[in-house]
Structure formats: C-alpha cells, structure tokens
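One structure below.
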Amino acid sequence: MKSELKKHLEKRCLLAIPLLQNIIKKYIKDYNDQCDALQEIMLIAWRKLPEIKKPYNIEGWLSTITRNYCLGWLKQQTKNITLHDESIIANDEQADNSITRDEYELLIGGINKLSYLLRTVIQMKYFTHNSIKDISNLLKLPEGTVKRRLHDARLKLKKEFRMNNKKIAPEVTVITSNIEELVVKRLGYGLNFGCPLAGVGDVEIYEAYEYPGRIMINKFATEVTQITKIMGQEIIEVHDKSIVKKNSKGTEKYYYYQFNGDTLSMVFRISNFIDKLKVDTNQDELMEPEECTIRTGTMKKEKDNLFSINDVVELHIGEKVYQNVLRRRVSLDDYHGRCFIEKFYTENGREVLHRNYIGENWKMGEYVKWEKWKDAPETTFNGETFRLWFEFILVDNYTKEKNDSSSN
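Yeah, the sequence shown ends on 408 if you go by my numbering, and it's all consecutive.
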C-alpha cells in the first residue's frame, strides 16, 4: 500500500473513533474496559490496514472489527465476571435468588456449552445488561428472535444447572471378606420400609439415588411410631416421610407390619402422594412374609425363579467403613420382569445399603426400561446381566432414648 493512501486511511480511522466508541458502549459498560477495548481495536485495525481492499469503506470495516472484538470480550468475561442477575436459572417462586460460588461456576460452565447464537444473547442480556431492543439493533435481529433465543438459552441452562447441581451418590466399594459364616437377625425389611423390630422410636435417615447419573432424588426419614392393635392383632406402624427442599412437595407413607415369631409381614400400607391417597390391602401387592434371620449360603427357589447368595464383605460408602457386613444378593422374577437386588446388613441387623437392578425384559411403563438405563452401571450375577436402577444409602439412625440422652 502506497504511503499517501495509507496516511489517508489512517486519518479516516482516527476520524471514526467516536463511531467506534458508541458501538463499544453498547456492549461494554465499564469506562476503563471501554478505553482498553478501543485501544485493542485500533491496534487490530492498524495491523490489518494493508489488507483492506477497494472500495475503502473504513467505517463499515472498523464497525465489523469492533463488534467482533466486543463479542469475543463478552465470551471471555463469562469465565471471571461476577454474575449480577441470577434469575437466569432461579425459580420464579423463589424469593432468594442468591447462588453459591460453586453454583455460579456450574452456571458459567453451562453458558460456555451453549451454541454461539444462544450464548451471545445471554451474555448481552445478563452480563452487560443490554435491553431486548439494544440486542436486536446490535445483532440486527427481530426482537421476537432475540426473545426466543433468550427463552431457549434459559431452558437449556436450567436443565444443565438442575441436573448437575444435584448431590451425587458417594462412591461404594465392596471388598470380599475371608469370613465364611455369619448369622444376622435383621431389624426389618430394610431401608425401603424401616426397621420395625428395633422398636418404637427407631429412626432412620437415608438418601435415595437414581441411575444413570448417580443423582439424589430424595432424602427420607423413617420412624417406628407406635404398636397398636387392629382386630385383636398387634400391629407395628412405621412412618416414612420425604425430607424435601423448600417449595417442593414430597410423599408420606405408613406401613403396618405384623411380627409372628421369626417372620415379619406387611398387613397394609397407606401412601399419601402429591395428587392422591392410596391404600393397599391386597396381599399380592404387599411384601410377603420374610425370615428375620439370614445366614451365609446359597439358595434356590423355583417359585419366582429365585436364586440368592449370602456372603460376608467389607463395605465402604464414601468415608464410612463397615466391617463384617452380610451381603444378600437375589435375582428373581418380579411383576415388571427380571430383577436383581443387593442388600447389605451390619452385624446388628441394620441395612445400610440397598440396590435394585433391572434385567433386559424389565418394563415399568415408559419410564424404567432397559434401553433407557443404557448408561447405568452393569453387573453380572449367576450368568445374567443387570443394570443398576436405584439405591438407598443409610445416612444416620437413632432411637428416641438415644437422642434424648445425648441432649442431656
């Protein structure tokens, strides 16, 4: 490029500075950042000036450089800028929209995963606080298109945030023990239905995790509330209640057991769901009587095509370590198809981990299917392959007597 032409174009660049400043202000609100941006843009223009071709539309050329720089600056800022408007992902019902630093980092990660088109409108709306009209003018898009992209971006971010902000199941490790024989008198059906044989006032706090994803779906408190008589029979009542977050609805269930000698059976149950109350009295739908004493060994039953192995293991759940745990593994035919169950009992009979797996033929409506659980952990038992559906993990347990004495 000839020196005279270059000087002429450089002069036009300088004369265009007010135009560039107006563009920068629409993208970047802080004055110092605006000055830094203008300096960087002019350096870029000076380096690229020899590349410009006829006709010499300096103003349009500089405007394009400025917009591209500002959009790149916005993208970079999502990695370290303080989020001013958490309503991107907050529930409309929540009064407190504050989020933690970890949640903020999760949100920023979600923004960076968005497509370029969706990420741009989110950055311009929530990080530099442009109005819908400003975004429409800057991007040369109809306002309706901007609103739709903002809506789509928010939906994607909410899904990303809510899925990844869930508590993840602690790591579970099972180590085979050299103990060959162990007898355990269990306290009841286990984590699903509480421990009625521990007596009135026994409380269990446990968490439920669902796969794939290992995400906590709820936390529960189960309490043995009373022993009463129904039609002359002594009945044990167990109350199971969801421990849920604010503005969320849970369920309550009441289980009624009968204990005869060394067996326990469920007489009926009452489930108070969000939208209906259900009372089960049909014995075919309830838990069949179970032996309270279990021991190491192998068992087969033609009924339900059942096969089980009981052995002794060392169990690690997160930071907790349980020694001499009786592991009961059972495969059988359920109403919904073939399944596999793992239960882990401590020496005093309390179940600390309960895992349910599904087989290839399992069908439970449109929700739980073999194909949908393709990313869940798989296990093989007695030559069959199963996929982990969900698990219950004991968090804490106590009796009212223990709790009262500890508070004195």
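Cβ atoms here follow ideal geometry from the backbone N, Cα and C, with glycine treated the same way.
- How many angstroms separate the CA atom of A16 from the CA atom of N68? Counted from its first residue, the sequence shown places residue 16 at position 16. Counted from its first residue, the sequence shown places residue 68 at position 68. For A16 and N68, the distance between alpha carbons rounds to 17 angstroms.
- Item | Rounded straight-line distance, which links the Cα of P55 to that of L157 | Residue 157 sits at position 157 when you count from the first residue of the sequence shown. Residue 55 sits at position 55 when you count from the first residue of the sequence shown. Those two C-alpha atoms are separated by around 44 angstroms.
- Item | Nearest residue (CA-CA) to D240, options Y255, Q226, I230 | Position 240 of the sequence shown, counting from 1, holds the residue named residue 240. Taking only the C-alpha atoms, the option nearest D240 is Y255.
- Item | Best match in S242, V267, V224, F220 for proximity to M231 [C-alpha to C-alpha] | The residue labelled residue 231 in the question sits at position 231 within the sequence shown. Closest by alpha carbon: V267.
- Query: Any idea what DSSP makes of A169, helix, strand or coil?
  - Reply: Here residue 169 is taken as the residue at index 169 of the sequence shown, counted from 1. In the structure shown, A169 sits in coil (DSSP, three-state: anything other than H, G, I, E or B).
- Task: Evaluate contact between the region 348-359 and the region 383-398, counting only Cβ atoms and requiring at least three cross-stretch pairs below 8 angstroms.
- Result: yes
- Just curious, the beta strand (DSSP E) that R214 is in, first and last residue? Position 214 of the sequence shown, counted from the start, is the residue given in the question as residue 214. It is not in any beta strand (DSSP E) - R214 carries neither H nor E in the DSSP assignment.
- Item | Helix, strand or coil at K246 according to DSSP, with G and I counted as helix | On the sequence shown, position 246 is the one that residue 246 refers to. Its pLDDT being 44, under 50, K246 is placed unreliably in this model, and the value from its coordinates should be taken loosely. It is coil, neither helix nor strand.
- Query: L332 and D375 look like a contact to me (Cβ under 8 angstroms); what is the Cβ gap, rounded to whole Å?
  - Reply: As a first step, residue 332 is located in the sequence shown; it is residue number 332 there, counting from the start. As a first step, residue 375 is located in the sequence shown; it is residue number 375 there, counting from the start. L332 to D375, Cβ: 25 angstroms. No contact.
- CB of L182 within 8 angstroms of CB of N324, strictly: Position 182 of the sequence shown, counted from the start, is the residue given in the question as residue 182. Position 324 of the sequence shown, counted from the start, is the residue given in the question as residue 324. Yes, the pair counts as a contact, with Cβ atoms nearer than the cut-off.
- Message: If distances are taken between C-alpha atoms only, which option among V121, T380, K167, V321 comes closest to S136?
- Response: To locate residue 136, count along the sequence shown from 1; it is residue 136. When only C-alpha atoms are compared, the closest one is V121.
- Report buried or exposed for R327, applying the criterion of at least 16 other Cβ atoms within 10 angstroms of its Cβ. Here residue 327 refers to the residue found at position 327 when the sequence shown is read from its first residue. By the 10 Å Cβ count, R327 comes out buried.
- Task: Return helix, strand or coil for S3, following the three-state DSSP convention.
- Result: On the sequence shown, residue 3 is found 3 positions in, with the first residue counted as 1. Reduced to three states, the DSSP call for S3 is helix.
- Query: Within the present structure, is the beta-carbon of Y56 separated from the nearest heavy atom of the ligand GTP by less than 7 angstroms?
  - Reply: No copy of the ligand GTP occurs in the structure displayed, which carries no ligand at all.
- Are the region 211-218 and the region 307-321 touching, with three or more C-beta to C-beta distances below 8 angstroms? no
- Item | Opening and closing residue of the alpha helix (DSSP H) in which N356 lies | Taking the sequence shown and counting its residues from 1, one reaches residue 356 at position 356. No alpha helix (DSSP H) holds N356; the beta strand (DSSP E) holding it covers 351-358.
- Query: Where does I186 sit, in a helix, a strand or coil, going by DSSP?
  - Reply: The residue you call residue 186 lines up with position 186 of the sequence shown. The question names Ile, but residue 186 is Arg in the sequence shown. The answer is coil: DSSP assigns R186 none of H, G, I, E or B.
- Under three-state DSSP, which class holds M266? Translated into positions along the sequence shown, residue 266 becomes position 266. Correct three-state label for M266: strand.
- Query: Of all the CB atoms in chain D, is at least one closer than 8 angstroms to the CB of E234?
  - Reply: Here chain D cannot be found, since the structure has a single protein chain.
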